[in-house]
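Residue numbers (the working numbering): 1 to 121.
Step one of this worksheet: look at the structure below.
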Amino acid sequence: MTRVKVRLTSNGPPRDHGTMPASAVPRFRYRNPKCPRQQVPELALEPDTGPLRRILLQHLRGTPGTSVADLQRFALLETVYRPTQVIPVLTRTRDEQTIATAPGRIVRTTQVTAAPRDTLS
């Protein structure tokens with residue numbers, strides 16, 4: 001069972017409330033106003049990155065030849081996702097042949113291009 005450390009803050013100093021099972025931690029929801037589907041991502045230990053994949057593909061169609069660093073910055077400033085979640089999403093998307101990367105290994109300097117729309121399913 002996963003346990004998480006709980007600290008509550010208010011106007012005063014933070015207070016340590018020990019640990020509790022991760023399943024007992026209250027879940028909060030955040031609406032992403034820039035998501036075209038207006039999905040409400042659930043804030044969890046391992047979030048669903050499907051919406052991030054769709055957002056990145058849409059962004060890549062408008063700006064071909066974007067670097068991974070630029071996509072990480074875009075994710076930080078324009079979505080509710082963290083920059084560290086971009087590379088795993090791009091890796092899965094490349095393996096599905098929905099994007100092309102040059103060079104093949106995905107690092108911050110890698111250039112990413114969306115595959116033509118007719119090859120997308």
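Even for Gly, the Cβ is constructed at its ideal location relative to N, Cα and C.
The structure displayed is predicted, hence computed values, not measured ones.
Residue nearest to residue i in terms of C-alpha spacing, selected from the options
i	options	result
T98	G65, T113 and G50	T113
A75	R54, G65 and R94	R54
P64	E46, R94 and A100	A100
P47	D95, A69 and V86	V86
Counterpart residues of residue i in DSSP-defined beta bridges
i	result
T63	T63 is not bridged to any residue.
A75	Its beta-bridge partners do not exist; DSSP assigns none.
I99	A114
Neighbourhood of residue i by C-beta, 8 Å cutoff - its chain only, sequence neighbours within 5 removed
i	result
S67	R108, T109, T110, Q111 and V112
T93	R53, L56, L57 and I99
P88	T49
Separation of residue j from residue i, as counted between CA atoms
i	j	result
L90	P116	16 Å
T84	G62	22 Å
E96	G50	13 Å
G104	R73	21 Å
Cβ pair residue i, residue j closer than 8 Å
i	j	result
T79	L60	no
L184	L56	An answer regarding residue 184 cannot be provided, because it is not within the stretch 1 to 121 covered by the chain.
Contact set for residue i: own chain, Cβ-Cβ below 6 Å, skip 5 residues either direction
i	result
A102	Q111
Y81	L52 and A75
A69	R108
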